[in-house]
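The structure under discussion appears below in the form of structure tokens.
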Amino acid sequence: MMKRIGILGGGQLGRMLALAGLPLGLRFSAIEPADDPPVKALAEHLPYAYDDLAGLELLADNVDMVTYEFENVALATAEYLEKRVPVFPSSKALMISQERFMEKEFFSDLGIPTTEYYPIDSIDDCSNAKIVTGLPAVLKTRRFGYDGKGQVIVHSVEEIRDSFTRFNGVPLILEQKINFTRELSIIAARSRNGETAFYPLMENVHKNGILLTSRAPARHVAHEMASLAKEYAAKLLDGLDYVGVLAIEFFEVNGKLIANEFAPRVHNSGHWTIDGACTSQFENHLRAILDLPLGNTDLRSFSAMVNLIGEIPDLAPVLKIPDTHVHLYDKEPRPSRKLGHVTVCGDSPDAIDKKLEQLMELIIPVY
16 MMKRIGILGG
26 GQLGRMLALA
36 GLPLGLRFSA
46 IEPADDPPVK
56 ALAEHLPYAY
66 DDLAGLELLA
76 DNVDMVTYEF
86 ENVALATAEY
96 LEKRVPVFPS
106 SKALMISQER
116 FMEKEFFSDL
126 GIPTTEYYPI
136 DSIDDCSNAK
146 IVTGLPAVLK
156 TRRFGYDGKG
166 QVIVHSVEEI
176 RDSFTRFNGV
186 PLILEQKINF
196 TRELSIIAAR
206 SRNGETAFYP
216 LMENVHKNGI
226 LLTSRAPARH
236 VAHEMASLAK
246 EYAAKLLDGL
256 DYVGVLAIEF
266 FEVNGKLIAN
276 EFAPRVHNSG
286 HWTIDGACTS
296 QFENHLRAIL
306 DLPLGNTDLR
316 SFSAMVNLIG
326 EIPDLAPVLK
336 IPDTHVHLYD
346 KEPRPSRKLG
356 HVTVCGDSPD
366 AIDKKLEQLM
376 ELIIPVY
């Protein structure tokens, strides 16, 4: 029997979920307040706000289950839907990922290494925070920050206090600023029956707080580090009783992994899996929530993904690069907006280096 999946959000992740699900005979309905979202061409578009009860009721009445494509959905929305229809991942995963202090505490409770941190709820907390984390440090809002938003580097207690005032007294967290070698991430999946699957560690580069490139597998990864990444991901999946795909972002520090944050959804750093893995993260997310066997996560080739941000370059020279794949999201250009991505595949890390160099010459000028 055909299944209909509800999606909270209508952006590019919802679009790619639908692209992965249509060959499986799935149908989709997406709540998205924007008039013309990327998912619209592939799913029933329900133009309601995420907290509009009429829209939520309409969604729940017409789908078999609900998932989401971004983690800033109001917790109350997920909890409301859970009373009417299965929601994957659960509201628990959403709640923890939305609150940075809670997320750090959860990592610590599971034995997953993370940076030193301290919650700031008042001016009086600013001096204590310095003692725990040292300075300089990274001050972040505890909720609703992404792509570098809602955070600032501070060098003194005075700067912490000034920032607390500038952020209008919302709850903050001060995190130790660490000198890391590189940023890494792992994508993992867990099905409703507890089956798990893991993609290899990926190496990520950010620009202006936004992901620029991801390459898989990450270069020069020791076996112990790769095993630890899977171990940490497994602890998180089991600790949350998680269903679906998630991503954990790490810093590599002196050959060790330090967890930064996790995302309870398919993730930008895993977009290369569409072209470079036996099963994409999007298909595996759908398999997981439908309780189907998870797909093979082995690599088909070495791969690297580059985000197209703000503008789309001339595609003709991009597509002249062998084994290059362009994915556009049907979004209007504007500064700092993710409009698509390009994946290059090759038979060796050196081949990827060469293709990335060619690609970046064509793309960087539009940033």
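Okay, so the sequence shown: first residue is 16 according to my numbering, each after it adds one.
All residues carry an ideal CB built from backbone N, CA and C; glycine is no exception.
Just so you know, these numbers come straight off a predicted model, no measurement behind them.
Item: Could you say which of 207, 272, 21 lies nearest to residue 218 if we only look at CA atoms?; Value: 272
Item: What span of residues does the beta strand (DSSP E) with residue 219 cover, start to end?; Value: 217-222
Item: Which residue wins for smallest C-alpha separation from residue 152, given the options 192, 171, 281, 119?; Value: 192
Item: Can you find the residues in the same chain that come closer than 8 angstroms, C-beta to C-beta, to residue 103, ignoring five residues on each side of it along the sequence?; Value: 80, 81, 82, 207, 258, 259, 303, 304
Item: For the beta strand (DSSP E) containing residue 356, list its first residue and its last residue.; Value: 353-361
Item: Please classify residue 360: is it buried, with 16 or more other beta-carbons within 10 angstroms of its beta-carbon, or exposed?; Value: buried
Item: What does a CB cutoff of less than 7 angstroms around residue 179 pick up in its chain, not counting 5 residues either side in sequence?; Value: 135, 138, 141, 187
Item: For residue 271, report the span of its beta strand (DSSP E) as first-last.; Value: 271-278
Item: What's the C-alpha gap between residue 241 and residue 365?; Value: 21 angstroms
Item: Report the start-end ranges of each beta strand (DSSP E) in the segment 20-88 that is 3 residues or longer and not cut off at the edges.; Value: 42-46, 59-61, 80-83
Item: According to DSSP, is residue 327 part of a helix, a strand, or is it coil?; Value: coil
Item: Is the separation between the beta-carbon of residue 216 and that of residue 185 shorter than 8 angstroms?; Value: no
Item: Where does residue 123 sit, in a helix, a strand or coil, going by DSSP?; Value: helix
Item: Three-state secondary structure (DSSP) at residue 117?; Value: helix
Item: Of the choices 182, 204, 356, 144, whose alpha-carbon is the least far from that of residue 189?; Value: 144
Item: If you draw a straight line from the alpha carbon of residue 131 to that of residue 294, how long is it in whole angstroms?; Value: 36 angstroms
Item: Using the three-state DSSP reduction, which class does residue 307 fall into: helix, strand or coil?; Value: coil
Item: Apart from the five residues just before and just after residue 52, which ones in its own chain have a Cβ nearer than 6 angstroms to its Cβ?; Value: 25
Item: Under three-state DSSP, which class holds residue 322?; Value: strand
Item: DSSP state of residue 155, grouped into three classes?; Value: strand
Item: If we ignore side chains and look at the alpha-carbon of each, how far apart do residue 69 and residue 351 end up?; Value: 33 angstroms
Item: Does the distance from the C-beta atom of residue 64 to that of residue 48 stay below 8 angstroms?; Value: yes
Item: Taking the alpha helix (DSSP H) that residue 364 belongs to, which residues open and close that run?; Value: 364-378
Item: Give me the Cα-Cα distance between residue 269 and residue 194, rounded to the nearest whole angstrom.; Value: 9 angstroms
Item: So, residue 301 versus residue 71, is the Cβ gap smaller than 8 angstroms?; Value: no
Item: With 16 other CB atoms within 10 Å as the buried threshold, where does residue 118 fall?; Value: buried
Item: Is the beta carbon of residue 89 less than 8 angstroms from the beta carbon of residue 297?; Value: no
Item: How would you call residue 320, buried or exposed, if buried means at least 16 neighbouring beta carbons within 10 angstroms?; Value: buried
Item: Can you tell me the Cα-Cα spacing of residue 308 and residue 171, whole angstroms?; Value: 52 angstroms
Item: Pick from 62, 277, 378, 345: whose alpha carbon is nearest that of residue 202?; Value: 277
Item: Do residue 97 and residue 29 have their CB atoms nearer than 8 angstroms?; Value: no
Item: Keeping to the same chain, check which residues put their C-beta closer than 8 angstroms to that of residue 169; ignore five residues upstream and five downstream.; Value: 150, 151, 152, 153, 154, 175, 178, 189
Item: Do you know offhand how far residue 362's Cα is from residue 286's?; Value: 18 angstroms
Item: Roughly how many whole angstroms lie between the Cα atoms of residue 22 and residue 353?; Value: 20 angstroms
Item: Considering just the uninterrupted stretch of the alpha helix (DSSP H) at residue 178, what are its terminal residues?; Value: 172-181
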